[in-house]
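Here is the structure we will look at, set down as structure tokens.
Number of protein chains: 2
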Amino acid sequence: MATERVTSTLVAKRAGVSQSAVSRVFTPGASVPLKTAEKVRKVADELGYRPNVLARSLITGKSRIIGVVVAYFENQFYPDAVERLSNALQREGYHVLIFMASQTAGNIDKVLSEIIDYQVDALVVASVAMSSELAERCDAAGIPVVLFNRSQDDERFSSVTSDNAAGARRLAEFLIAGGHERIAHIAGWEGASTQRDREGGFLAGLSAAGMRLHDRTVGDFHFEIAQAAARDMFNKPERPDAVFVANDHMAFAVMDVVRTEVGLRVPEDVSIVGYDDVPIAAWSSYDLTTVRQRSNAMVEATVEVLLTRIENAETAPKQIFIDGPLIVRGSARKPEGWDE
Amino acid sequence: MATERVTSTLVAKRAGVSQSAVSRVFTPGASVPLKTAEKVRKVADELGYRPNVLARSLITGKSRIIGVVVAYFENQFYPDAVERLSNALQREGYHVLIFMASQTAGNIDKVLSEIIDYQVDALVVASVAMSSELAERCDAAGIPVVLFNRSQDDERFSSVTSDNAAGARRLAEFLIAGGHERIAHIAGWEGASTQRDREGGFLAGLSAAGMRLHDRTVGDFHFEIAQAAARDMFNKPERPDAVFVANDHMAFAVMDVVRTEVGLRVPEDVSIVGYDDVPIAAWSSYDLTTVRQRSNAMVEATVEVLLTRIENAETAPKQIFIDGPLIVRGSARKPEGWDE
DNA sequence: GTGAAAGCGCTAACAC
DNA sequence: GTGTTAGCGCTTTCAC
Chain R
683 MATERVTSTL VAKRAGVSQS AVSRVFTPGA SVPLKTAEKV RKVADELGYR PNVLARSLIT
743 GKSRIIGVVV AYFENQFYPD AVERLSNALQ REGYHVLIFM ASQTAGNIDK VLSEIIDYQV
803 DALVVASVAM SSELAERCDA AGIPVVLFNR SQDDERFSSV TSDNAAGARR LAEFLIAGGH
863 ERIAHIAGWE GASTQRDREG GFLAGLSAAG MRLHDRTVGD FHFEIAQAAA RDMFNKPERP
923 DAVFVANDHM AFAVMDVVRT EVGLRVPEDV SIVGYDDVPI AAWSSYDLTT VRQRSNAMVE
983 ATVEVLLTRI ENAETAPKQI FIDGPLIVRG SARKPEGWDE
Chain D
683 MATERVTSTL VAKRAGVSQS AVSRVFTPGA SVPLKTAEKV RKVADELGYR PNVLARSLIT
743 GKSRIIGVVV AYFENQFYPD AVERLSNALQ REGYHVLIFM ASQTAGNIDK VLSEIIDYQV
803 DALVVASVAM SSELAERCDA AGIPVVLFNR SQDDERFSSV TSDNAAGARR LAEFLIAGGH
863 ERIAHIAGWE GASTQRDREG GFLAGLSAAG MRLHDRTVGD FHFEIAQAAA RDMFNKPERP
923 DAVFVANDHM AFAVMDVVRT EVGLRVPEDV SIVGYDDVPI AAWSSYDLTT VRQRSNAMVE
983 ATVEVLLTRI ENAETAPKQI FIDGPLIVRG SARKPEGWDE
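If you read the protein sequences in the order shown, they are chains R and D. When we follow my numbering, the leftmost residue of the first sequence carries the number 683, and every step to the right adds one. When we follow my numbering, the leftmost residue of the second sequence carries the number 683, and every step to the right adds one.
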């Protein structure tokens, strides 16, 4: 049933002009006399003609496709960021070819290759590690890569993260000022730079005050694992009076366990703080004190780096840190005299 | 810095074979003597050659790209579904070009056009309405369209939804059996087929028991608007003793308002039920009684319809309903003698 | 200004 | 089996 393909050749014939004329009408930069343009546009509309982007890409070498790799949408931070990123790129005339890396744990390289086969103009890689072999390939192919919310010690990548160490340190200071004495940490996946930096900053904050971590378990950035980590922590005799959970998503799991299973009150019996400030953190059931990752600013920075490098291949990769404020809510006891 | 593009021509030259030989090596169906294949593969690996998918698409007429349009990731149901969909399609060798329709309220057509320009093999449209003009274009271009979690009275579309009327009716019966007498409804966006069907089924369930709706406000499927709708409802003198909120996402907002602002207990003072069974519904802070939309089954159905129609253009569009169970948790008073 | 011609990287007939 | 050829739909010199 599919009607015949409508090509520029057909439009040209019908409009009584050359194919190049049609092309020029649909090419933003080109100049065409108003008269011809109108004629061509009219015929094109009648026939429902639209330029074939793929054919154009073949010749221009630009696909206007950005590949986005993201690992898990379970943590609200990521869908939120992808939505913003997609919107921002659309505004610039780009489109997003998405790849979910969740299922394919080991084979990220294989699948990243597939996405590169689409001649993407750039790659955004969120919360996933890239092999240096692949980095090599991207570099050789001239495909700029931006690591989002993760950094890697490789000069070929640009990266955009929040200032995780500074943010976590601020959390430590806040808890200490609140008079907490047994401060514990539930870590995320230990292979992640975000985890490393957050924990590092937090510990630095503690030791600056002459304190040490009371306890530590690992939640791997997953809800269920974080629940288990919380159970472990709170089944011990000497319970913490404050817990820094490495991201909000896990902090919700921890709060649920602590309140429902252990039967403690938050923040009266134990203070819980997280990191990210995802929308749910503001919901009154959690009302979580946390550090904001300004996803808006992070996305803006990502897009800017991307476009700059696409337009000028000689631009050097850039490491960008976005600072984020401490968001004080009700899940942690506040220091004396703290006013809302 | 970008090295020279590695094309099949280059590989052919280096391997001492023809370009077609190279092409055949990289074409799944084609037969090539093992000897040649090895030789070609070796050279290709050395040079880092990979076929240009865009060029291939141009000639085969198949891009192996599926366009996905989705309106808002705020409601966890959608990122979850997109993740599953993307995974399923990847498994079949397709990739997802995503388009977020959130910002572009009015201009959905314009932007859908853009996505079609990429010669997508099919379109999945989630929670968004398509103009009939665009439907026409897709039809003419032979692009199958599957409406996801929304239906439309247009025979040209396939659609996959849960059986919203049946599910909502089940909720009504459950609330009635639980002895509730003042049952209210907080609606989603009234232009949505899901809203229409859910409310219809719910009302049918009520009237089958000789009951009528106690009250009704509108939350438009948005968190903040749902909060406002709940405030309106609970500021009236005669409060409901049960509320069916049109989806889980809004139900969380309603529970927050009811517990934190109004100061009622759930379910002792008021029962709240939702629809979707998103992961958060199982979190103990909400523990929401709801109807499950089996996103897994919905995605499977979507993929199947898609692939069938791609492979055989003559297949007729299909309307699929996926049934989902009532998930009983703690947010609503249970009928006498109900055992867990 | 405008059209003719070449060619982007690839596949698919068709000869050999 | 293998290479030669044509051409997918488009952009882009380059003459006119």
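Don't be surprised by glycine CBs; every beta carbon is placed ideally from N, CA and C.
Residue burial classification, residue i (beta-carbon count within 10 angstroms, cutoff 16)
i	result
arginine 1011 (chain D)	buried
glutamate 996 (chain R)	exposed
arginine 894 (chain D)	exposed
isoleucine 741 (chain D)	exposed
leucine 794 (chain R)	buried
glutamate 765 (chain D)	buried
threonine 990 (chain D)	exposed
arginine 947 (chain R)	exposed
glutamate 881 (chain D)	buried
arginine 974 (chain D)	buried
asparagine 831 (chain D)	buried
serine 833 (chain R)	buried
proline 826 (chain D)	buried
alanine 684 (chain R)	Note on alanine 684 (chain R): pLDDT 49, under 50, position unreliable in the model; the coordinate value appears next. It is exposed - the Cβ of alanine 684 (chain R) has fewer than 16 other Cβ atoms within 10 Å.
tryptophan 965 (chain R)	buried
threonine 984 (chain D)	buried
aspartate 762 (chain R)	buried
glycine 870 (chain D)	buried
aspartate 727 (chain R)	exposed
leucine 716 (chain R)	exposed
Residue interval of the alpha helix (DSSP H) (run including residue i)
i	result
isoleucine 907 (chain R)	905 to 916
isoleucine 962 (chain R)	Taken as a continuous stretch (DSSP letters only), isoleucine 962 (chain R) belongs to no alpha helix (DSSP H), as it is neither H nor E.
methionine 932 (chain D)	930 to 938
tryptophan 893 (chain R)	According to the sequence shown, residue 893 (chain R) is methionine rather than tryptophan. Unbroken run through methionine 893 (chain R): none, as it is neither H nor E.
methionine 980 (chain R)	977 to 993
phenylalanine 856 (chain R)	846 to 859
alanine 697 (chain D)	690 to 697
Cβ of residue i within 7 Å of any chain D Cβ
i	result
leucine 740 (chain R)	yes
phenylalanine 903 (chain R)	no
glutamate 855 (chain R)	no
valine 778 (chain R)	yes
phenylalanine 755 (chain R)	yes
glutamate 765 (chain R)	yes
alanine 684 (chain R)	For alanine 684 (chain R), the predicted structure reports a pLDDT of 49, less than 50, and the residue's modelled location is therefore unreliable. A value from the coordinates is still provided. Cβ-Cβ to chain D under 7 Å: yes for alanine 684 (chain R).
Within chain R, partners of residue i - CB distance below 7 Å
i	result
threonine 942 (chain D)	Ser966
glycine 730 (chain D)	Arg819 and Ala822
Amino acids of chain D, ordered along the chain, whose beta-carbon sits closer than 8 Å to that of residue i
i	result
leucine 736 (chain R)	Leu736, Ser739, Leu740, Ser745, Tyr800 and Gln801
valine 810 (chain R)	By Cβ distance, chain D contributes nothing, its closest Cβ being about 14 Å from valine 810 (chain R), past 8 Å.
Residue i at chain R interface by Cβ criterion, 7 Å
i	result
aspartate 938 (chain D)	yes
proline 761 (chain D)	yes
Where residue i meets chain D, residues with beta-carbon distance less than 9 Å
i	result
aspartate 897 (chain R)	Residues of chain D passing the Cβ test: none, with the nearest at roughly 22 Å.
Residue range of the unbroken beta strand (DSSP E) whose run includes residue i
i	result
phenylalanine 829 (chain D)	One detail in the question is off: residue 829 (chain D) reads as leucine in this sequence, not phenylalanine. 827 to 830 is the extent of the beta strand (DSSP E) around leucine 829 (chain D).
aspartate 762 (chain R)	That residue, aspartate 762 (chain R), is in no beta strand (DSSP E); its alpha helix (DSSP H) goes 759 to 773.
leucine 970 (chain R)	Careful: leucine 970 (chain R) lies outside any beta strand (DSSP E) and carries neither H nor E.
aspartate 897 (chain R)	897 to 900
glycine 749 (chain R)	747 to 752
glutamine 701 (chain R)	Looking at the DSSP string, glutamine 701 (chain R) is not in any beta strand (DSSP E); the run it does join, the alpha helix (DSSP H), is 701 to 707.
valine 955 (chain D)	953 to 955
leucine 779 (chain R)	777 to 782
Listed by chain order, chain D residues near residue i by CB distance under 7 Å
i	result
phenylalanine 934 (chain R)	Trp965
Interface partners of residue i on chain R, CB under 9 Å
i	result
proline 733 (chain D)	Asp799
Can you list, in chain order, the residues of the region 861 to 890 of chain D whose Cβ is nearer than 9 Å to any Cβ on chain R?
-> none
Contact residues within the region 907 to 926 of chain R, judged by C-beta distance below 8 Å to chain D = none
Anything in the region 944 to 966 of chain D with a Cβ closer than 8 Å to a Cβ of chain R? List those residues in chain order, please.
-> Pro961, Ile962, Trp965 and Ser966
Got a sec: which bits of the region 828 to 847 of chain R sit with their beta carbon under 9 Å from any beta carbon on chain D, in order along the chain?
-> none
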